[in-house]
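Taken in sequence, the protein lines are chains E and R.
Numbering (my numbering) for the first sequence: 16 to 364.
Numbering (my numbering) for the second sequence: 1295 to 1534.
Glycine residues also receive a C-beta, built at the ideal position from the N, C-alpha and C atoms.
Predicted, not measured: the structure shown is a model, and the values here were computed from it.
These notes concern the structure reproduced below.
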Amino acid sequence: MLVLGIETSCDETAAAVVSVKDDQSSGEILSNIVLSQLDDHRPYGGVVPEIAARSHLDHMDSIVERALNEANLELTDLDAIAATTGPGLIGGVMVGMMTAKALALAANKPFVSVNHLEGHALTARLSEDVAFPYLLLLVSGGHCQILCVRGVGDYELYGSTIDDAVGEAFDKTAKLLGLEYPGGPNVEKAAASGDPHRFKLPRPMVGRPDCDFSFSGLKTAVRQQIEKLSEDERDAQALADICAGFQLAVGDVFADRCRRAMERFRAECGDGHALVVGGGVAANKALRAVLTDAAAAQNMRFVAPPVKLCTDNGAMIAWAGLERLRRGLTSDLNVAAKPRWPLDSLKID
Amino acid sequence: MTLLLALDSACASCSAAVWQDGEVLAHKFEDMPRGQSENLMPFVAEVMKKSSIDFPDLDVLAVTVGPGAFTGIRICLSAARGLALATKKPLVGVTTMEALLVAQDLSNFQGALVAVVIETKRMDYYIQFFDHNGMSMGEPEALLASSIAKKFETLSQGKQIFLCGDGAERLKQEAIVADCEFEFGSENSQPDAGVFGQVAMDKYNAMGRAAFEIAPAPLYLRPPDATPPKPKFLFKAAGH
Chain E
16 MLVLGIETSC DETAAAVVSV KDDQSSGEIL SNIVLSQLDD HRPYGGVVPE IAARSHLDHM
76 DSIVERALNE ANLELTDLDA IAATTGPGLI GGVMVGMMTA KALALAANKP FVSVNHLEGH
136 ALTARLSEDV AFPYLLLLVS GGHCQILCVR GVGDYELYGS TIDDAVGEAF DKTAKLLGLE
196 YPGGPNVEKA AASGDPHRFK LPRPMVGRPD CDFSFSGLKT AVRQQIEKLS EDERDAQALA
256 DICAGFQLAV GDVFADRCRR AMERFRAECG DGHALVVGGG VAANKALRAV LTDAAAAQNM
316 RFVAPPVKLC TDNGAMIAWA GLERLRRGLT SDLNVAAKPR WPLDSLKID
Chain R
1295 MTLLLALDSA CASCSAAVWQ DGEVLAHKFE DMPRGQSENL MPFVAEVMKK SSIDFPDLDV
1355 LAVTVGPGAF TGIRICLSAA RGLALATKKP LVGVTTMEAL LVAQDLSNFQ GALVAVVIET
1415 KRMDYYIQFF DHNGMSMGEP EALLASSIAK KFETLSQGKQ IFLCGDGAER LKQEAIVADC
1475 EFEFGSENSQ PDAGVFGQVA MDKYNAMGRA AFEIAPAPLY LRPPDATPPK PKFLFKAAGH
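Now the structure itself:
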């Protein structure tokens, strides 16, 4: 089974071909082309939707062509064409979605509409043999939630952020410090040489009985700490120490929130299942280490897909499309792009 | 015999048509300020089916490239570029100005200055000037009414001004020109694949397949609205 996946929901123009043999559960990536728009957005300190949409259109067809060439395939060889149809920046989503609809119609192949978050949610099953159910921590620039993944299209939301997504908190902290966009990786880099205990930062939501997150207070606390520093004190070490303190605070929040979620998950689903992390923030090595320990403490297997599959890519969309196709879940060409589309609304009858 | 598929969603409508030489085999058009991304491909599927044409039978594809609504331009252009990739057929880009002009009968307006005017939903207008033979007198531009009024005075030299397009009515109210007689085009104020397919067919016949191997680019006429921020708290080491 061969599926082409297209992803354009934020600032990556991506296409990939993924295959699976009938007797296998995990897949094989035949090509995975990702064109990052970082350089286009960097001067603005964040993703500018109109710039993103324009860039997606300029490159989409050639990225698809490259994905097919690298996989040594023609469109006619494929079993379906999948694309992100939301949630995300709608102008960009439309470009990928229309490209996929056109390819599907002209090549007479099924079109599979894929929820971007479902792409992240199922990625672990592409790279490793992970059975349902599992607990998913989905952390990116736009999302921060913990879900019980019972099957394709079957998600129960345990908790989510009540304000900023965690990746957003990283980016905003980076902005306060004058670090270049994208802030997340730059904060992680600076944190490596910092003292995480020099600045006292809060641990929002820790100890609460639910599984929700909040990061706007942490960002405010970072700003207040910066404001206390004189111009002379704002040196490279202070910057590193703030980043380290911020990252440690996020890690402590992750550990506590995931512990709550794992307790609930084990009570509902039993033992022997996995904690899976997905989304761009899963590229952060310090946070991966925190989650590894947190899972071990609950006797849960910890699964983190390779970094290039955690950040936005076409392979995760191709894979989610393939998982849907295997279950006969294809889409009509009149599907609408959705800026908001929570995973727990996907329930298949 | 040349078979052509044309599609559009660049302004406030959605259309698709299959052409055989100078004749429309199947055609669908709807006024549609929203929802084009849902309807465009079903429209294409419908006209292909109605004309009993399969994609490999086509010789050439045609699409509007703007100016118009940014999202609308991207909907039809990404679809058309996807079709071109899948079918390996050439893709002819038609401006919305060309698409609207070809719908007008200029035979009774000898000597008139012709302006195609497209609504921007902002203060300005997308506009392009033509002579009474439909020959362009410049590129499409985004202009305010005051600039357009000045152009009317210099270009029309007291002659009739023929306006068409969905911005024509608003422009007449806002571009105050002394001693100018305005005439309005027919009601076709939206691009229509069942009409502008002819423009693409003519271009294709005149320039040949090789001229359209590279996909056409969008014509936005405006840069994205974005200005770089000024950071407030700069650290000495930041950015290095």
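Handout entry: Exposed unless 16 or more other CB atoms sit within 10 angstroms - verdict on T235(E)
Key = exposed
Exercise for the section: Look at the Cβ atom of C1305(R), then the Cβ atom of Q1484(R), and state whether they are nearer than 8 Å. Expected result: yes
Handout entry: Cα-Cα separation between Q252(E) and S155(E), rounded to whole angstroms
Key = 27 Å
Practice task
With a threshold of 16 other CB atoms inside 10 Å of the CB of M315(E), please say whether the residue is buried or exposed.
Solution key: buried
Problem - Boundaries (first-last residue) of the alpha helix (DSSP H) holding R81(E) - result: P64 to E85
Practice task
Leaving aside the five residues before and after G174(E) along the sequence, list all residues of the same chain whose C-beta is less than 6 Å from its C-beta, in chain order.
Solution key: I161, D225, C226 and D227
Handout entry: chain E within 8 Å of V1338(R), Cβ atoms only
Key = yes
Handout entry: Inter-residue Cα distance where the pair is H1534(R) and A304(E)
Key = Low per-residue confidence applies at H1534(R): pLDDT is 43, beneath 50, and the placement is therefore not dependable enough to give any value.
Handout entry: R1375(R) versus G1329(R), A1300(R) and M1326(R), residue with shortest Cα-Cα distance
Key = A1300(R)
Practice task
Report all residues from its chain with a CB closer than 6 Å to the CB of K1466(R); omit the five preceding and five following residues, and keep chain order.
Solution key: F1476
Practice task
Please report how far the alpha carbon of T1358(R) lies from the alpha carbon of R1503(R), in whole angstroms.
Solution key: 18 Å
Practice task
Please state if the CB of M109(E) and the CB of S1331(R) are separated by a distance shorter than 8 Å.
Solution key: yes
Exercise for the section: Within 10 angstroms of the Cβ of E1481(R), are there 16 or more other Cβ atoms? Answer buried if so, exposed if not. Expected result: exposed
Practice task
Inspect the CB distances between the region 251-265 of chain E and the region 119-126 of chain E and report whether three or more fall short of 8 Å.
Solution key: no
Handout entry: H135(E) - containing alpha helix (DSSP H), residue span
Key = H131 to S142
Problem - Separation of H71(E) from A1494(R), as counted between CA atoms - result: 25 Å
Exercise for the section: From the DSSP output, in three-state form, read off S245(E) for me. Expected result: coil
Handout entry: S46(E), buried or exposed, once every other Cβ within 10 Å from all chains shown has been counted against 16
Key = buried
Practice task
Just tell me which of A264(E), Q313(E) and L263(E) has its CA closest to the CA of R275(E).
Solution key: Q313(E)
Handout entry: Residues of its chain near R368(E), where Cβ-Cβ distance is below 7 Å and the 5 sequence neighbours each way are ignored
Key = Shown here, chain E extends from 16 to 364; a query on residue 368(E) therefore has no answer.
Handout entry: Residues that DSSP places opposite F317(E) in a beta bridge
Key = L290(E)
Exercise for the section: Name the one or two DSSP bridge partners that C1458(R) has. Expected result: V1410(R)
Practice task
Note down, in chain order, each residue of its chain lying with its Cβ closer than 8 Å to the Cβ of V79(E), except the 5 sequence neighbours on either side.
Solution key: L19, I21, A30, T114 and L118
Exercise for the section: Could you list which residues in chain R have their beta carbon closer than 8 Å to that of L361(E), in chain order? Expected result: Those do not exist, as L361(E) stays about 19 Å from chain R at its closest Cβ, beyond 8 Å.
Problem - N47(E) - partner residues in DSSP beta bridges - result: A31(E)
Handout entry: Residue interval of the alpha helix (DSSP H) (run including L1379(R))
Key = F1364 to T1381
Exercise for the section: Work out the CA separation of P125(E) and G111(E) for me, nearest whole Å. Expected result: 15 Å
Practice task
Indicate whether at least one CB of chain E lies closer than 8 Å to the CB of T1448(R).
Solution key: no
Practice task
Ignore the nearest five residues each way along the sequence and tell me which others in E278(E)'s own chain have a CB closer than 8 Å to its CB.
Solution key: Q313
Practice task
For R249(E), return the contacting residues in chain R, with the cut-off set at a CB-CB distance below 7 Å.
Solution key: F1529 and K1530
Problem - Through-space distance from T1414(R) to G1459(R), alpha-carbon basis - result: 11 Å
Problem - G1316(R): contacting residues in chain E (beta-carbon distance under 8 Å) - result: The contacting residues do not exist; G1316(R) stays about 25 Å from chain E at best.
Problem - Element boundaries [alpha helix (DSSP H), containing Y1498(R)] - result: A1487 to M1501
Handout entry: Among M331(E), K362(E), A310(E) and S346(E), the one whose alpha carbon lies nearest that of S128(E)
Key = S346(E)
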